[in-house]
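Chains as they are written, first to last, in the working numbering: chain W, 122 to 463; chain U, 1119 to 1411.
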Amino acid sequence: MPNKTFFWFFLPTGLAMILFIGLPIISTGIQSFYAQHDQVVKEVKKCDPFGCTVSIVVDNEETSKIREEKPLGKFNGFGTYTDRNHLAVEEIKKFWNETESFGAFVDQVTNLPFYKALIFTLTYCLFVTPNVLLLGFIIALSLNAIARKIRGPLIFGTILPMIVTPLVGSLVLFWMIDSQGIIGANIQNLMNDPYLSLKSSKTLTWITIIIYGIWHHSPFAFVVFYAALQTVPQEPIEAAIIDGASRFQRIKHIVLPHIYPVVTFVALISLMDNFRVFEPIIGFSAEGSAQSLSWLIYDNLVNEEVILFGSAAATSMMTIIGIAILLAPVLIRTWKEFKTAR
Amino acid sequence: MDYGLDTKSTRLKTFNTIFIITWLLIACFPFIWTFWGSFKVRADFFSRSDWWYAISAFNTLIETGGKFTTNAYTQAWTEGEFWKASKNTIIVTVFVVSISLFLGTLGAYALSRSTEKYAFWILMAALIFRAMPHITLVSGYLFPFFELQIWGILPTTIVVLVAINQPFTLWLLYSFFKTVPKELDESALIDGCSYFQAFRHIIMPVMWPGVITAGLFSLMLAYNDFTVTALLLNQENHTMVPKIQSYLGTNQHEGNLMWAVSAVVSATAPLFMLVMFFQRQVISGLTAGAVKG
Chain W
122 MPNKTFFWFF LPTGLAMILF IGLPIISTGI QSFYAQHDQV VKEVKKCDPF GCTVSIVVDN
182 EETSKIREEK PLGKFNGFGT YTDRNHLAVE EIKKFWNETE SFGAFVDQVT NLPFYKALIF
242 TLTYCLFVTP NVLLLGFIIA LSLNAIARKI RGPLIFGTIL PMIVTPLVGS LVLFWMIDSQ
302 GIIGANIQNL MNDPYLSLKS SKTLTWITII IYGIWHHSPF AFVVFYAALQ TVPQEPIEAA
362 IIDGASRFQR IKHIVLPHIY PVVTFVALIS LMDNFRVFEP IIGFSAEGSA QSLSWLIYDN
422 LVNEEVILFG SAAATSMMTI IGIAILLAPV LIRTWKEFKT AR
Chain U
1119 MDYGLDTKST RLKTFNTIFI ITWLLIACFP FIWTFWGSFK VRADFFSRSD WWYAISAFNT
1179 LIETGGKFTT NAYTQAWTEG EFWKASKNTI IVTVFVVSIS LFLGTLGAYA LSRSTEKYAF
1239 WILMAALIFR AMPHITLVSG YLFPFFELQI WGILPTTIVV LVAINQPFTL WLLYSFFKTV
1299 PKELDESALI DGCSYFQAFR HIIMPVMWPG VITAGLFSLM LAYNDFTVTA LLLNQENHTM
1359 VPKIQSYLGT NQHEGNLMWA VSAVVSATAP LFMLVMFFQR QVISGLTAGA VKG
């Protein structure tokens, strides 16, 4: 296709992506270097018969004037990145010098908001992604052995958790697990502990969200694996059966190698999706004990007093860097393949 | 055909059946339970004393005189203004789907017929864009949108959702157009058609299977979106999902939980119907990127 024709065909979608994906990333980058204005204070001298007192009050007029003149805020350089709510460079130095054991140091650091969120996000990815692959694969194998006629409805049932939005999915589970819901109440009875509830324990909350993640993402892995299983050639498997290979050996040496490219694809997609975990935290109202990077940004953006654009942008930039690190191996591999293909 | 299991072994067969039934229960029961509970009063579905009330409808009988009540639905749709939210959702979904299909088919067709190096780089860039968490993009939008005073209205959200949706639509339609033989439109070009004419008369009639799949995914994205709609729309223009969240209440403000339950059911039902009808397309869309490499 000639370049000129390509240009006109691609212009609308290209423009949409540049304007609303490319530019916002740049805009986030710029915003991250600014911080909201401090409130302007003024001294007010108040005199009464007993003498004069000087009090400091917020000058609302002056504050809003400055905000209007420079809506982006004041230039802060990397200040936002290094402050307590983000990389917390100062604090970490302090902890390093003050704490005695390494364990105590780690403890202190993981209590800082950004590191807390980072650790939750990574834990979530680390536990959800492999389990999603495994469960999805087992379901695909299992459904594949069921009579073809009734597979349709079974597949429909299987993909339900995936098609609802994460907020709704987590709410539906939350209402059951809640101490007043069917599962929560029964667990309380079973454990004989009337105060046992999801919210009371950080570990329980994390486990619940991770289980939710597996429940929500497994159907996707299942669908892709199921489709891939349909393309596995029959002859090698028949040959393996004749050679006396067990079921497990057949899966390990014939099926898995055949669908290997698909496994990496699913792993990549689910890693990308898991890294942005956010809605389940709202659905499970787990803000107290589990915060993810995306949730931190959301929290800054819905701040009641002043929207913390700078802070949200700095976290966003670091999230984007995180995504880039996750994607780097894939991009490098694709680029190498592309180069050898030429 | 089976790969992992020997059909002759009855023990394995039973085990397999039990596994599938267990999984289906885990996958579907929460929805069935919520559907059931949405016809009860709050004291039953979120019972402090006995969870069995949700089945025996103890309080529902006392409060309404029947075992089932549709109070939660009527209240959420009228008082809770869920009708407004669903109207907004319909507007957003219709526009997002049609615009993103229009842009996506043109762009993906061009990508699939281009042999230049930049086509590859565009696809890579789209992959990177696809990986961006939506909330990071939203944090980029908010400030400029406030300044331009286009925050809070439906058109802005529609355009944003279209753009966010483009990378996936492009990939999906790209892999679809790759399966349409090049010879089809090439012969039209030789006959003297321009690329636009070839697209209009040769490609458009055969592209519907791919377009339906891509349309379904745009629809699910627009319908299900929370991040963008919650932060870019004002209260008045909220779509269903942020509306459901507003029923949950905040720390300062007690929400109406039964409204949320019935709203969840109302929002999920149409989606399930749609997927039931178009199951084949949804599955082919999910696998398109994977199986073809």
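Idealized CB from N, CA, C, for every residue including glycine.
Is the CB-CB distance between residue i and residue j below 8 Å?
i         : j         : result
W:Ile328  : W:Val249  : no
U:Ala1249 : W:Ile444  : yes
U:Thr1178 : U:Thr1187 : yes
W:Thr286  : W:Ala407  : no
W:Arg371  : W:Ile358  : yes
W:Leu389  : W:Val451  : yes
U:Leu1302 : U:Gly1222 : no
U:Leu1219 : U:Thr1275 : no
W:Thr279  : W:Ile260  : yes
W:Arg272  : W:Leu281  : no
W:Leu73   : U:Ile1138 : Summary: the structure shown does not reach residue 73 of chain W, with chain W confined to residues 122 through 463, and so no result is reported for it.
W:Arg397  : W:Ser410  : no
W:Ser413  : W:Phe241  : yes
W:Met297  : U:Tyr1313 : no
W:Thr226  : W:Asn206  : Checking the displayed sequence, the identity of residue 226 of chain W turns out to be Phe instead of Thr. For W:Phe226 and W:Asn206, no; Cβs fall outside 8 Å.
U:Leu1279 : U:Ala1340 : yes
Any beta-carbon of chain B closer than 8 Å to the one on residue i?
i        : result
W:Gln412 : Of the protein chains in this structure, namely W and U, none is chain B.
Relative to the C-alpha of residue i, which residue among the options is closest?
i         : options                                    : result
U:Ala1297 : U:Phe1286, U:Ser1127, U:Val1324            : At residue 1297 of chain U the sequence reads Thr, which differs from the Ala that was named. If we check each option's Cα against that of U:Thr1297, U:Val1324 comes out closest.
W:Leu429  : U:Met1391, U:Ser1257, U:Ala1385            : U:Ser1257
U:Leu1334 : U:Lys1235, U:Ile1401, U:Ile1253            : U:Ile1401
U:Phe1200 : U:Glu1354, U:Phe1396, U:Met1394, U:Leu1389 : U:Glu1354
W:Leu292  : W:Gly257, W:Lys270, W:Val253, W:His337     : W:His337
W:Leu140  : U:Ile1320, U:Ala1281, U:Arg1129            : U:Ala1281
U:Thr1287 : U:Ala1145, U:Ser1364, U:Ile1217            : U:Ile1217
W:Phe405  : W:Ser318, W:Phe226, W:Phe199               : W:Ser318
U:Gly1403 : W:Phe341, W:Phe459, W:Glu356               : W:Phe341
W:Met393  : U:His1252, U:Ile1321, U:Ile1136            : U:His1252
W:Leu233  : W:Glu458, W:Leu243, W:Ile213, W:Asn313     : W:Ile213
W:Ala111  : U:Ile1136, U:Val1346, U:Gln1284            : Outside the displayed span of chain W (122 to 463) sits residue 111 of chain W, for which this structure offers no information.
W:Phe277  : U:Cys1146, U:Thr1135, U:Ile1136            : U:Cys1146
W:Tyr245  : W:Ile402, W:Glu190, W:Lys270, W:Thr134     : W:Ile402
U:Thr1254 : W:Phe459, W:Ile146, W:His374               : W:Ile146
W:Lys478  : W:Asn218, W:Asn197, W:Lys237, W:Val178     : Missing from the structure shown is residue 478 of chain W; chain W here goes from 122 to 463 and no further.
W:Pro382  : W:Gly334, W:Pro170, W:Asn313, W:Leu254     : W:Leu254
In chain order, what residues of the same chain lie with their CB nearer than 7 Å to the CB of residue i, ignoring the 5 residues before and after it?
i         : result
W:Leu422  : Ile428, Ala433
U:Gln1399 : Ile1330, Thr1331, Leu1334
U:Gln1193 : Trp1377
U:Ala1190 : Ser1156, Met1376, Trp1377, Val1379, Ser1380
W:Arg454  : none
W:Gln70   : Outside the shown range of chain W (122 to 463) lies residue 70 of chain W, about which nothing can therefore be said.
Quick one: what's got a C-beta closer than 6 Å to residue i's C-beta in the same chain, skipping five residues either side?
i         : result
W:Ile380  : Ala349
W:Gln157  : Gly194, Val427
W:Leu448  : none
U:Phe1163 : Gly1155, Ala1172
U:Met1119 : Reliability fails at U:Met1119, whose pLDDT of 46 lies under 50, so the model's placement of it is uncertain and the value that follows must be treated cautiously. Excluding residues within five positions, none has a Cβ falling inside 6 Å.
Got a sec? Which residues, its chain only, sit under 8 Å from residue i by beta carbon, not counting five neighbours each side?
i         : result
U:Leu1470 : Not covered by the structure: residue 1470 of chain U. The range shown for chain U is 1119 to 1411.
U:Gln1370 : With a pLDDT of 46 at U:Gln1370, under the threshold of 50, the modelled position of this residue cannot be trusted; read the value that follows with caution. Nothing listed; no residue qualifies.
W:Ser153  : Thr201, Tyr202, Gly431, Ala434, Ala435, Ser437, Met438
U:Phe1263 : Trp1269, Thr1274, Leu1350
U:Tyr1121 : Note that U:Tyr1121 scores 47 on pLDDT, short of 50, meaning its location in the model is unreliable and no value can be drawn from it.
Task: Proximal residues, the stretch 1258-1278 of chain U versus chain W, C-beta separation under 7 Å - done: Going along the stretch 1258-1278 of chain U in chain order, one finds Gly1258, Tyr1259, Leu1260, Phe1261, Pro1262, Glu1265, Val1277, Val1278 with a Cβ nearer than 7 Å to chain W.
Task: Unbroken stretches of the alpha helix (DSSP H), 4 residues or longer, contained in the stretch 1219-1270 of chain U - done: Runs found: 1235-1249, 1252-1266.
TODO: Give, in chain order, every residue of the stretch 291-309 of chain W whose Cβ lies closer than 9 Å to some Cβ of chain U.
DONE: Against chain U - using a Cβ distance shorter than 9 Å - the residues of the stretch 291-309 of chain W are Leu292, Val293, Leu294, Trp296, Met297, Asp299, Ser300, Gln301, Gly302, Ile303, Ile304, Gly305, Ala306, Asn307.
Task: Contact list for the stretch 1306-1327 of chain U against chain W, Cβ threshold 7 Å - done: Listed in sequence order: Tyr1313.
Task: Within 8 Å of chain W by C-beta, residues of the stretch 1377-1393 of chain U in sequence order - done: Listed by position, the residues of the stretch 1377-1393 of chain U near chain W (Cβ gap below 8 Å) are Ala1378, Val1379, Val1382, Ala1385, Thr1386, Leu1389, Phe1390, Val1393.
Open item on the list: List, from N- to C-terminal side, the alpha helix (DSSP H) runs of 4 residues or more that fit wholly inside the stretch 360-392 of chain W.
Closed with: Every alpha helix (DSSP H) stretch that sits fully inside the stretch 360-392 of chain W and reaches 4 residues is listed by chain position as 368-371.
- [ ] Report the residues of the stretch 1187-1199 of chain U with a CB closer than 9 Å to any CB of chain W, ordered along the chain.
- [x] When C-beta distances to chain W are compared with 9 Å, every residue of the stretch 1187-1199 of chain U stays at or above that value.
Open item on the list: What are the residues in the stretch 1126-1138 of chain U lying within 7 Å of chain W by C-beta distance?
Closed with: Within the stretch 1126-1138 of chain U, the qualifying residues are Asn1134, Phe1137, Ile1138.
TODO: Mind listing, in chain order, the continuous beta strand (DSSP E) runs of no fewer than 3 residues lying wholly within the stretch 1185-1219 of chain U?
DONE: Entirely contained in the stretch 1185-1219 of chain U, not one beta strand (DSSP E) run reaches 3 residues.
TODO: Can you check the stretch 179-205 of chain W for any alpha helix (DSSP H) of at least 4 residues that lies completely inside it and give the ranges in chain order?
DONE: As far as the stretch 179-205 of chain W is concerned, its whole alpha helix (DSSP H) runs of at least 4 residues are 181-190, 200-203.
- [ ] Determine which residues of the stretch 163-177 of chain W have a Cβ less than 7 Å from any Cβ of chain U, and write them out in chain order.
- [x] Residues of the stretch 163-177 of chain W with a Cβ closer than 7 Å to any Cβ of chain U: none.
Open item on the list: Can you pull out the residues from the stretch 1139-1165 of chain U whose beta carbon lies closer than 8 Å to at least one beta carbon of chain W?
Closed with: Here the close residues are Trp1141, Leu1142, Ile1144, Ala1145, Cys1146, Pro1148, Phe1149, Trp1151, Thr1152, Gly1155, Phe1163, Phe1164, Ser1165.
- [ ] Could I get the ranges of all uninterrupted alpha helix (DSSP H) runs contained in the stretch 1325-1369 of chain U, with 4 residues as the minimum, in chain order?
- [x] The stretch 1325-1369 of chain U contains these whole alpha helix (DSSP H) runs: 1326-1342, 1345-1350, 1358-1366.
- [ ] Scan the stretch 264-293 of chain W and note each continuous alpha helix (DSSP H) run of 4 residues or more that stays entirely inside, going in chain order.
- [x] Fully enclosed alpha helix (DSSP H) runs of 4 or longer: 272-284.
- [ ] Please list the segments of the alpha helix (DSSP H) lying wholly inside the stretch 384-434 of chain W, counting only runs of 4 or more residues, in order along the chain.
- [x] As far as the stretch 384-434 of chain W is concerned, its whole alpha helix (DSSP H) runs of at least 4 residues are 400-404, 414-422.
Task: Members of the stretch 185-213 of chain W that neighbour chain U once the beta carbon cut-off is set at 8 Å - done: The stretch 185-213 of chain W vs chain U, Cβ under 8 Å: Pro192, Leu193.
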